[in-house]
Structure formats: C-alpha cells, structure tokens
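Residues 1 to 338 (UniProt numbering) are what the sequence shown spells out, left to right.
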Amino acid sequence: MAVFGQAVGLKTHIWKNNTRSVILLAGFPVLLVGLLFGSQVLMMGFGLLSNSGGDLGQDLALAASMLGWTVPTALVVAGVWFVIAYFGNQVMIDAMTGARKVERRVEPELYNLLENLAISRGLRTPTLRIIESPSLNAYASGLHEGNYSVTVTRGLMQTLSRDEMECVLAHELTHVINKDVRTMVIASIFAGIISVVAELVFRSLFYMRGGRSRDNKNAMPLILIGLAVGVIGFGLATIIRMTLSRTREYVADAGAVELTKNPDAMISALRKVSGQSKIEAPDELRGLFLDNTADKADFAGLFATHPPIEKRIAALVKFAGGRDGGPWGQTGTAVPTT
Numbered sequence: 001m002a003v004f005g006q007a008v009g010l011k012t013h014i015w016k017n018n019t020r021s022v023i024l025l026a027g028f029p030v031l032l033v034g035l036l037f038g039s040q041v042l043m044m045g046f047g048l049l050s051n052s053g054g055d056l057g058q059d060l061a062l063a064a065s066m067l068g069w070t071v072p073t074a075l076v077v078a079g080v081w082f083v084i085a086y087f088g089n090q091v092m093i094d095a096m097t098g099a100r101k102v103e104r105r106v107e108p109e110l111y112n113l114l115e116n117l118a119i120s121r122g123l124r125t126p127t128l129r130i131i132e133s134p135s136l137n138a139y140a141s142g143l144h145e146g147n148y149s150v151t152v153t154r155g156l157m158q159t160l161s162r163d164e165m166e167c168v169l170a171h172e173l174t175h176v177i178n179k180d181v182r183t184m185v186i187a188s189i190f191a192g193i194i195s196v197v198a199e200l201v202f203r204s205l206f207y208m209r210g211g212r213s214r215d216n217k218n219a220m221p222l223i224l225i226g227l228a229v230g231v232i233g234f235g236l237a238t239i240i241r242m243t244l245s246r247t248r249e250y251v252a253d254a255g256a257v258e259l260t261k262n263p264d265a266m267i268s269a270l271r272k273v274s275g276q277s278k279i280e281a282p283d284e285l286r287g288l289f290l291d292n293t294a295d296k297a298d299f300a301g302l303f304a305t306h307p308p309i310e311k312r313i314a315a316l317v318k319f320a321g322g323r324d325g326g327p328w329g330q331t332g333t334a335v336p337t338t
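Printed below as a string of structure tokens:
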C-alpha cells in the first residue's frame with residue numbers, strides 16, 4: 001500500500017502548514033489595527049468623532065494619528081479577552097456545542113480506542129466528550145498538553161463501524177499531534193475579537209446620532225472609505241480563518257491513515273459523514289469540525305471552512321491506496337453505546 005505521507009512528503013506538508021499558520025495568525029493584529037482605522041474614519045464621517053475641518057487628506061491623517069492611543073487601548077482589551085478565552089475556551093466551546101465530558105466507565109470501547117491511539121504516539125489521552133446529537137461530526141479542541149479534548153456526536157457513534165470510528169478519532173488526534181488544533185482555537189479567538197469590534201462599531205452607528213456629520217463636507221467620502229476598509233478587513237479575517245482550516249484537513253486525513261493503516265475505513269467514514277454533519281454552532285467554531293455541512297459553493301471557495309469531501313476522498317485514493325466503496329462505503333457494526 002502506498003503511504004500518503006511518502007507520496008506528498010507529510011513532514012514537509014506539516015512544516016509548510018505550520019509556517020503558513022504562523023504567518024496568517026500574525027496578520028490578525030495587523031487586521032485589528034486596520035479595522036480600528038476604518039472604524040475611526042467611519043465614525044468621523046457620521047460625526048461621532050471630531051474631524052479636522054480641512055480636506056479629506058487631513059481627516060485621514062487625523063484618523064491615523066488617533067491610532068496612537070486607540071491601538072494600545074484595543075490591544076489591552078484584546079489581551080484581556082484573549083486571557084479569558086485562553087483559560088475558558090473549553091467551557092465556551094462546550095456551552096456553544098452542548099458537549100459533555102464522559103469517563104471510561106460510561107463509554108469504555110470508545111475511550112479505549114482513543115487511549116490506544118494516544119499511547120501509540122506516546123501522548124497523554126485527551127479528554128473524551130460527546131454531543132447528544134444525531135448529526136455525524138467530531139472535533140478536537142484545547143491549547144496545551146493536559147487540556148486537549150476529542151469530541152464526537154452520538155450520531156457518529158451509532159453510525160460508524162469500529163474501524164471507521166478509530167479513523168475519525170485518529171484524524172482528530174492528528175490535529176492534536178500537529179498542534180494545529182491550538183492554531184485553530186487561537187484563530188477562532190482572534191476572529192471573535194474582530195467580530196466583536198465590528199459589531200460594536202456598527203451597532204453604535206445605528207443607535208447613536210452624530211451632530212457634526214451635516215457640517216462635514218467630507219462626511220460621505222469618509223463613510224465610504226471606512227466601510228470599504230471595514231469590509232475588506234473583516235473579509236480578510238474570515239478568509240484567513242477558513243484557509244487555516246482547509247489546509248489542515250488533508251494532513252489530518254493522512255495522519256489518520258498513518259495511525260490506523262486503514263485508508264478504506266477513513267474513506268467510508270467520510271462517505272457516511274458527508275451531508276450528515278450539521279451542528280448548530282458559531283461560524284468561528286465550525287472550522288474545528290471534521291466536516292462542515294454549512295459550507296456552500298462560493299467565489300473560488302474562499303469562504304469554505306473545509307475542502308469538499310470528494311476531494312479528500314480522492315486524495316486518499318490517489319496517495320494512500322484507499323478504495324472508495326461508494327456513497328455508504330464499508331459496512332460494519334457501530335461502536336456500542338450505552
């Protein structure tokens with residue numbers, strides 16, 4: 001059997017993915033500054049902030065000079081939010097997805113599958129969590145050793161065979177091994193900060209009335225510039241988060257094959273999950289999932305959190321020697337549940 005990692009250079013792919021992740025994450029603070037500038041220009045246009053009283057260039061220069069105090073303030077606020085999210089991210093994720101922690105005695109076979117995979121890589125076994133949902137999905141979360149979790153839905157447990165479930169757990173464990181689960185959680189935190197900033201600014205525009213906008217001849221240009229900067233910045237933040245998610249899924253599929261030596265089971269698991277994975281959760285979290293049914297065909301797929309399952313299966317067939325058994329893949333007995 002051909003090994004996917006050998007065909008594409010798995011270690012090289014992981015290194016490139018991690019390097020790309022660092023570069024992309026470094027862009028979030030830059031985007032935050034850009035959004036602040038756009039917000040200030042927008043509020044000047046609406047008369048919520050004072051303007052220079054001169055030409056458009058002077059107004060833009062004034063908005064830029066304001067960054068001297070607004071950026072440090074925003075970074076402090078973002079830092080406080082980051083600390084809160086860092087220590088409370090799992091509680092937040094559980095609250096938003098309905099996941100609950102389970103012990104070995106409650107789901108012994110599922111726990112043993114995860115534990116055996118972790119032991120094979122010399123890792124501490126992640127906490128096992130379950131979402132009581134008929135949907136077929138899973139995700140890994142956490143930021144450091146001792147804090148990692150692997151979560152699966154009840155529907156996944158009831159539908160997949162033992163081998164297929166092992167592959168899904170191996171897929172999620174690969175996210176832990178490669179540390180890209182940490183990258184995605186941090187990216188979600190940053191994206192949350194940017195979303196909050198954008199929402200606060202636009203809410204203020206709806207509920208506040210500026211008295212100086214009528215006297216400002218630059219009001220309309222400032223509003224248009226501010227809106228353009230805000231839309232571009234928010235769009236780039238979304239694209240960065242989506243790009244991080246898409247690039248990691250192929251590597252995790254390959255990692256699952258490397259751990260289980262069973263590409264056929266990984267393919268059949270993806271077949272069963274396809275179209276059945278919808279979980280109600282914020283957009284910031286959907287990038288963590290095994291699959292995101294909410295993805296839609298859009299311009300160049302820029303806003304899709306995951307590569308299409310067909311492409312993931314094709315990669316496993318081509319590079320891992322897997323066999324695609326059709327829409328329902330392999331048959332087998334689901335992991336027993338209590």
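From the three backbone atoms N, C-alpha and C, an ideal C-beta is built for every residue, glycine too.
- Listed in chain order, the non-local C-beta contacts of Gly34 below 7 Å within the same chain comprise Val229, Gly233, local neighbours out to five positions each way being set aside.
- Less than 8 Å divides the Cβ of Leu60 from the Cβ of Val41.
- Assignment of Thr127 by DSSP, reduced to helix, strand and coil, places it in the strand class.
- Between the region 72-91 and the region 131-148, the count of Cβ pairs shorter than 8 Å is three or higher; the stretches touch.
- Taking C-alpha positions only, Met266 is separated from Val168 by approximately 7 Å.
- Look at the region 103-163 and you find these whole runs of beta strand (DSSP E), each 3 residues long or longer: 127-131, 138-141, 149-153.
- For Lys179, the three-state secondary structure derived from DSSP is coil.
- With a cutoff of 8 Å on beta-carbon distance, Ala99 and Ile130 are scored as near each other.
- In the DSSP assignment, the residues bridged to Lys101 are Arg129.
- Annotation for Glu280: no alpha helix (DSSP H) segment contains it, and DSSP assigns it neither H nor E.
- Note that the C-beta distance between Arg182 and Leu224 is not below 8 Å.
- For Leu36, the closest of Thr151, Gly68, Gly57, Asp163 by C-alpha to C-alpha distance is Gly68.
- Listed as beta-bridge partners of Phe289 by DSSP are Tyr139.
- The distance from the Cβ of Ile194 to that of Leu32 is about 6 Å, consistent with a contact at the 8 Å cut-off.
- Here Gly192 has Glu284 as same chain residues with Cβ atoms under 6 Å from its own Cβ, once five neighbours each way along the sequence are excluded.
- By a beta-carbon distance limit of 8 Å, Ser268 contacts Glu164. Their separation comes to about 6 Å.
- The DSSP-derived three-state label of Ser65 is helix.
- Look at Gln90 here: in three-state DSSP terms it is helix.
- With a beta-carbon spacing of about 6 Å, Leu259 and Leu117 fall inside the 8 Å limit used to define contacts.
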